[in-house]
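Structure, as C-alpha cells:
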Amino acid sequence: MTVAVVGSGPAGLAAADQLNQMGHKVTVYERADRIGGLLMYGIPNMKLEKDTVQRRVNLLKEEGIEFVTNADIGKNVDVNEVKANYDAMCLTMGATKPRDLPIPGRELKGVHFAMVRL
C-alpha cells in the first residue's frame with residue numbers, strides 16, 4: 080500500500096515511521112523548504128537542536144521514506160493528483176495560526192497561545 084503523509088511535523092514523522100515499519104511505501108509532503116514542521120520552525124535551538132531533527136529525518140530517508148518539500152497540497156500540488164497516486168492519505172498538518180476558544184476563563188491573566196511561548 081502507498082501512503083501520502085501531508086505534513087512533516089511531529090505527527091507526520093511519527094505516522095510515516097509507523098506506516099513504513101508496517102511495510103507501506105510512504106511519501107511525506109511538506110509545504111516548507113525543509114522537513115520537520117514545528118520541530119524545525121517553532122522550537123528554538125536552545126530547546127531542540129536542528130541537527131538532532133535532521134539526523135532523525137536522515138534515518139527515515141535511509142529506511143525508505145521519501146520526502147517532498149515546497150509541496151503545498153491544494154496550492155502548488157493538486158490534491159486530486161495526490162489522491163490518484165496513493166492508496167491512502169494521512170493528514171497531519173499543524174496549525175499555523177492560533178484558534179481562540181470561547182470558553183470560561185480564556186480571558187484570565189496568564190492564559191496565552193502556546194506558540195508564543197516557543
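When we follow the working numbering, the leftmost residue of the sequence shown carries the number 80, and every step to the right adds one. Idealized CB from N, CA, C, for every residue including glycine. Owing to the predicted nature of the structure, the values given are computational and were not obtained by experimental measurement.
Buried or exposed by the 16-neighbour rule on C-beta atoms within 10 Å, applied to residue 152 | By one-based count along the sequence shown, residue 152 stands at place 73. Buried is the call here.
- Going by the beta-carbon positions, is the gap between residue 147 and residue 108 smaller than 8 Å? Here residue 147 refers to the residue found at position 68 when the sequence shown is read from its first residue. Here residue 108 refers to the residue found at position 29 when the sequence shown is read from its first residue. Taking 8 Å as the Cβ cut-off, residue 147 and residue 108 qualify as a contacting pair.
Worksheet item: Cβ of residue 99 within 8 Å of Cβ of residue 142?
Response: Numbered from 1 along the sequence shown, position 20 holds the residue referred to as residue 99. Numbered from 1 along the sequence shown, position 63 holds the residue referred to as residue 142. Contact flag set, yes.
task: Keeping to the same chain, check which residues put their C-beta closer than 7 Å to that of residue 165; ignore five residues upstream and five downstream.
output: As a working mapping, residue 165 is identified with position 86 in the sequence shown. Only 81, 82, 83 meet the Cβ criterion.
- Query: Excluding the five sequence neighbours on either side, which residues of its own chain have a C-beta within less than 8 Å of the C-beta of residue 140, listed in chain order?
  - Reply: Taking the sequence shown and counting its residues from 1, one reaches residue 140 at position 61. Around residue 140: 146.
Relative to the alpha-carbon of residue 85, which residue among 137, 124, 170, 186 has its alpha-carbon at the smallest distance?
-> Numbered from its first residue, the sequence shown carries residue 85 at position 6. Nearest of 137, 124, 170, 186 to residue 85, Cα basis: 170.
Does residue 191 pass the burial test, meaning 16 or more other C-beta atoms within 10 Å, or should it be called exposed?
Stepping through the sequence shown from its first residue, residue 191 is reached at position 112. Exposed: under 16 other Cβ atoms inside 10 Å.
Three-state secondary structure (DSSP) of residue 168:
Within the sequence shown, the letter at position 89 stands for residue 168. Three-state result, residue 168: strand.
As an exercise, report each continuous alpha helix (DSSP H) stretch of at least 4 residues that is fully enclosed by the stretch 142-193, in chain order. 158-164
query = Cα separation between residue 110 and residue 178?
reply = In the sequence shown, residue 110 corresponds to position 31, counting from 1. In the sequence shown, residue 178 corresponds to position 99, counting from 1. Near 21 Å, if we compare the C-alpha coordinates of residue 178 and residue 110.
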